[in-house]
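For reference, the structure is listed below as structure tokens.
Residue numbers (our numbering): -8 to 135.
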């Protein structure tokens, strides 16, 4: 029996037993502001010594009671200071440049474009741009 037929038959058996349902087609939803963001048109803010770090973070940011969404740049030599996420977690997607990240006082890790850093609730981290180009990131912080 071919592999694809086995997979289809297994899915059909699981569906008939009520263990699996085919995904429903998602409805298109038109969301009003502030549920979509045009990052290019957002105001850029310079934040010196972010979280006790060196230099500045240049950011376009949205924040509400539960989330912070940030498109940011760290110029060469800039850092985000070591801090703890007591009530939130953070996801950092590297768009450009090189990030040197320390998580929970462990060994530093170097991440580049297309890589993601995750700092779970209750953990600590810092970020540094030790490269020669700007570090550009897309970050989401969620309260939990």
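Note that the Cβ used here is the ideal one computed from N, Cα and C, for glycine as well.
In the three-state reduction of the DSSP assignment, residue 129 falls in the strand class, which pools E and B.
Sequence-distant Cβ neighbours of residue 52 in its own chain, meaning closer than 6 Å and more than five residues away, are 61. A Cβ-Cβ distance of about 6 Å is found for the pair residue 114 and residue 76, placing them in contact under the 8 Å criterion. For residue 52, the uninterrupted beta strand (DSSP E) run begins and ends at 47 to 54, by DSSP. Between residue 81 and residue 92, the C-beta spacing is not below 8 Å.
When the alpha-carbon of residue 63 is set against those of 124, 128 and 29, the nearest one is in 128. Shown here, residue 80 sits in a strand according to DSSP, grouped into three states. For residue 69, the three-state secondary structure derived from DSSP is coil. Taking C-beta separations shorter than 6 Å and ignoring five residues to either side along the sequence, the partners of residue 83 in its chain run 108, 128 and 130, following chain order.
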